[in-house]
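Protein chains in written order, with this note's numbering: chain D, 3 to 117; chain A, 5 to 115. Report on the structure given below.
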C-alpha cells in the first residue's frame with residue numbers, strides 16, 4: 003500500500019544545531035507540504051512543493067528550508083534550531099486533480115524539541 | 005487577513021446523540037472545504053470534501069453543510085459513538101493546491 007513516512011518520529015536537539023526531518027511518500031503525488039502544529043494554532047504551512055525542483059514558502063517559513071530533488075522526498079531543514087521551533091511537524095502530500103480538491107495524506111508526525 | 009475559526013472549547017456529548025461542529029472563515033472565497041479527523045499522536049485523516057456549489061454532503065453517519073453566504077460549514081456526526089472521540093479539523097483550499105487549517109475542535113463522546 004502507498005504511504006507517507008516521516009523520520010525521525012522524535013528528536014531532541016540543542017539551540018543552534020542544524021536539523022533535517024525526512025519525508026518520503028510512495029503515492030507518486032506531485033504536491034508535498036510541511037506543516038507545524040502547536041497548541042492553539044492548529045496546522046500552519048511552512049513550505050510546499052508542486053513538483054521536482056519546485057519549492058514555495060508558506061506562512062511560517064522563516065528559519066526553514068526544503069528541497070525537492072525527486073517526486074518521493076521533501077526533507078525539511080532547520081538551519082539553526084531555535085526553541086520557538088519546538089513543535090510537531092507533519093508532512094503531507096496530494097495529487098494534482100483537475101479542479102483541485104485533492105485530499106491531503108499525512109504522515110504520523112515528527113516531534114521536535116529544541117533545548 | 006484570512007482566518008478560520010473553530011470552537012476551541014471541547015464538545016462533550018452522550019453516545020447516540022448528534023454532534024455538530026462549526027467552522028467559520030473570513031476573507032476567503034474557497035472553492036472547496038474539507039474536514040479531517042485527528043487522533044492524539046497521529047496525523048490528520050481526510051473525511052469529507054464539499055465544493056462551493058454544493059450545499060450538503062453525506063457519508064455514512066457524517067454530514068457537512070457549506071454556506072458561502074454565511075462563510076460557515078457545519079459538520080454533523082449522527083448516532084455518535086465513543087470511537088468518534090477525536091479532534092476534527094476544518095480546512096480550506098486557498099489557491100493552487102494549498103490547504104490551510106483551523107485549530108480544530110475536540111469531541112468527547114461519553115458512553
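Yeah, the Cβ is synthetic: ideal placement off N, Cα and C, and Gly gets one too. Everything numeric in this text was worked out from a predicted model, so none of it was measured.
Listed by chain order, chain A residues near residue i by CB distance under 7 Å
{"i": "residue 74/D", "result": "None at all; the shortest Cβ gap to chain A is about 17 Å."}
{"i": "residue 96/D", "result": "101"}
Local Cβ density within 10 Å of residue i, reported as buried at 16 or more and exposed below that
{"i": "residue 117/D", "result": "exposed"}
{"i": "residue 108/A", "result": "buried"}
{"i": "residue 43/D", "result": "exposed"}
{"i": "residue 109/D", "result": "buried"}
{"i": "residue 86/D", "result": "exposed"}
{"i": "residue 8/D", "result": "buried"}
{"i": "residue 74/A", "result": "exposed"}
Contact set for residue i: own chain, Cβ-Cβ below 7 Å, skip 5 residues either direction
{"i": "residue 39/D", "result": "45, 89, 90, 92"}
{"i": "residue 12/A", "result": "107"}
{"i": "residue 90/A", "result": "41, 42, 43, 111"}
{"i": "residue 80/D", "result": "20, 21, 65, 66, 87"}
{"i": "residue 4/D", "result": "28, 29"}
Same chain, Cβ closer than 6 Å to residue i, five either side skipped, listed in chain order
{"i": "residue 100/D", "result": "Below a pLDDT of 50, predicted positions are generally treated as unreliable, and residue 100/D, at 48, falls in that range; no measurement from the model is reported."}
{"i": "residue 58/D", "result": "50"}
{"i": "residue 88/A", "result": "81, 113"}
{"i": "residue 76/D", "result": "25, 34, 51, 68, 70"}
{"i": "residue 113/D", "result": "12, 90"}
{"i": "residue 38/A", "result": "53, 95"}
{"i": "residue 50/A", "result": "40"}
{"i": "residue 30/A", "result": "7"}
{"i": "residue 82/D", "result": "18"}
Chain-ordered neighbours of residue i on chain D, where CB pairs are closer than 8 Å
{"i": "residue 46/A", "result": "110, 111"}
{"i": "residue 107/A", "result": "42, 43, 44"}
Contacts of residue i in chain A (Cβ-Cβ under 8 Å)
{"i": "residue 105/D", "result": "38, 50, 53"}
{"i": "residue 33/D", "result": "101"}
Beta-carbon neighbours of residue i, restricted to chain D and to distances below 7 Å
{"i": "residue 103/A", "result": "106"}
Option in the options with minimal Cα separation from residue i
{"i": "residue 74/D", "options": "4/D, 28/D, 9/D, 81/D", "result": "28/D"}
{"i": "residue 18/D", "options": "115/D, 32/D, 84/D, 95/D", "result": "84/D"}
{"i": "residue 69/A", "options": "15/A, 86/A, 24/A, 17/A", "result": "24/A"}
{"i": "residue 66/A", "options": "77/A, 35/A, 102/A, 115/A", "result": "77/A"}
{"i": "residue 86/A", "options": "34/A, 18/A, 14/A", "result": "18/A"}
Cut-off 8 Å between Cβ atoms - residues of its own chain near residue i, not counting five sequence neighbours on either side
{"i": "residue 104/A", "result": "6, 8, 95, 96, 98"}
Contacts that residue i makes with chain D (C-beta to C-beta distance below 9 Å)
{"i": "residue 93/A", "result": "44, 45"}
In chain order, each beta strand (DSSP E) run of at least 3 residues that lies wholly inside the segment 16-55 of chain D: If we require 3 residues or more, the beta strand (DSSP E) runs fully inside the segment 16-55 of chain D come out as 21-27, 33-40, 44-53.
3-residue-minimum beta strand (DSSP E) runs that sit fully inside the segment 79-109 of chain A, ordered along the chain: Runs found: 90-97, 103-105.
3-residue-minimum beta strand (DSSP E) runs that sit fully inside the segment 57-107 of chain D, ordered along the chain: For the segment 57-107 of chain D, the full-length beta strand (DSSP E) segments reaching 3 residues or more read 66-68, 78-80, 89-96 along the chain.
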